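Scroll down for the structure; my scribbles are underneath it.
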Amino acid sequence: MLKELNCEDKKIITVEDPVEYKIESINQVPINPKIGLSFEVVLKNILRQDPDIIFIGEIRDRFSLDIALQASLTGHLVLASIHSNSAVETITRLIDLQADPFLISTTLKLIMAQRLVLNYCKFCEANGCEKCNYTKYYDRSSIAEILKVDEKISSLIFKKADINEFKEYLKAINYQTLLDDGKLKVNQNLTSIEEIYKVVTY
Numbered sequence: 036m037l038k039e040l041n042c043e044d045k046k047i048i049t050v051e052d053p054v055e056y057k058i059e060s061i062n063q064v065p066i067n068p069k070i071g072l073s074f075e076v077v078l079k080n081i082l083r084q085d086p087d088i089i090f091i092g093e094i095r096d097r098f099s100l101d102i103a104l105q106a107s108l109t110g111h112l113v114l115a116s117i118h119s120n121s122a123v124e125t126i127t128r129l130i131d132l133q134a135d136p137f138l139i140s141t142t143l144k145l146i147m148a149q150r151l152v153l154n155y156c157k158f159c160e161a162n163g164c165e166k167c168n169y170t171k172y173y174d175r176s177s178i179a180e181i182l183k184v185d186e187k188i189s190s191l192i193f194k195k196a197d198i199n200e201f202k203e204y205l206k207a208i209n210y211q212t213l214l215d216d217g218k219l220k221v222n223q224n225l226t227s228i229e230e231i232y233k234v235v236t237y
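Here this note's numbering = 1-based position in the sequence shown + 35.
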């Protein structure tokens, strides 16, 4: 995603712990508390550099979330990752971090959740061979869900609704979950339902 956004007229800064992939012409700042580069210090300094796009390797606490929200309010595009089981659980995780629900509801635009699953071996058609070490699986692909934050979801965030209210709404609009995308891959004979249930929690 950062590679797609990377162009000459965009100033992109990332905060990562650690930097996993080097991307040319992007200022990637590694967290190193031993030399004073904590998340708090780095995030505060990044805002002073007036970047167009900020990537935060992980929203870990209320402080990093507050910085992300503040940056978003002042016109920066902010991308971040957070540990959660699904897109909807990302919302409840943000609410649980005790940030202002109004700020979350007005700045959060899109959530993507993804998982890697093992693919059936293409060399033996899942019968088992030397290529797959007789496991029937070879290589991996992703299953994903993308949640666009519309007015209804924003209102649910603002009132700090519980997860069941979000799920009821998403079910009503036929939202495609990680599990749905996984089942699609199963129907396409790319992987097994057992493999999907290994990585999807509902």
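Built from N, CA and C at the ideal position, the CB exists for glycine as well. Given the structure is predicted, the values throughout are model-derived calculations rather than measurements.
### Query
Taking DSSP as the reference, what is the three-state secondary structure of T109?
The answer is coil: DSSP assigns T109 none of H, G, I, E or B.
### Query
Which residues does DSSP pair with Q84 in a beta bridge?
Answer by DSSP bridge pairing: none, since Q84 is not bridged.
### Contact between the region 82-93 and the region 48-67 (3+ Cβ pairs under 8 Å)
yes
### Counterpart residues of K183 in DSSP-defined beta bridges
L145
### Message
Judging by CA-CA distance, which residue of I81, D85, L129 is the nearest neighbour of F193?
### Response
L129
### Query
To the nearest whole angstrom, what separates the beta carbons of A115 and L213, a pair I think is in contact under 8 Å?
A115 to L213, Cβ: 19 Å. No contact.
### Task
List the DSSP bridge partners of R150.
I178
### Query
In the structure shown, what three-state DSSP assignment does E39 receive?
helix
#### Entry: Per-residue burial, S96 [other beta carbons within 10 Å of its own, 16 or more giving buried]
Reading off the sequence, residue 96 comes out as Asp, not Ser. Only exposed fits D96, as fewer than 16 other CB atoms lie within 10 angstroms of its CB.
### Query
When burial is assigned at 16 or more other CB atoms within 10 Å of the CB, is N242 buried or exposed?
In the structure as shown, the chain starts at 36 and stops at 237, and residue 242 therefore has no counterpart that could be examined.
### Query
In three-state DSSP terms, what is T49?
strand
### Query
Taking the alpha carbon of L182 as the point to measure from, which residue in A134, L40, A122, T141 has its own alpha carbon closest?
A122
### Query
Around the C-beta of R150, are 16 or more other C-beta atoms found within 10 angstroms, so that it is buried, or is it exposed?
buried
### Query
At which residues does the beta strand (DSSP E) containing V64 begin and terminate?
Unbroken beta strand (DSSP E) run through V64: 62-65.
### Query
What residues in its chain sit with their C-beta under 7 Å from that of L40, if we drop five residues either side in the sequence?
I47, I88
### Task
Excluding the 5 residues preceding and the 5 following N62 in the sequence, name in chain order all residues of the same chain whose CB lies nearer than 6 Å to its CB.
So the list reads I48, once near-sequence residues are dropped.
### Message
In whole angstroms, give me the CA-to-CA distance for K206 and C167.
### Response
Taking C-alpha positions only, K206 is separated from C167 by approximately 38 Å.
### Message
Here's a check: name, in chain order, each residue in its chain whose Cβ is nearer than 8 Å to the Cβ of K195, leaving out the five neighbours to either side.
### Response
I130, P136
### Task
Starting from the Cα of L101, find the closest Cα among A161, L132, G71 and give me that residue.
For the record, residue 101 in the displayed sequence is Asp; it is not Leu. D101 has its Cα closest to that of L132, out of A161, L132, G71.
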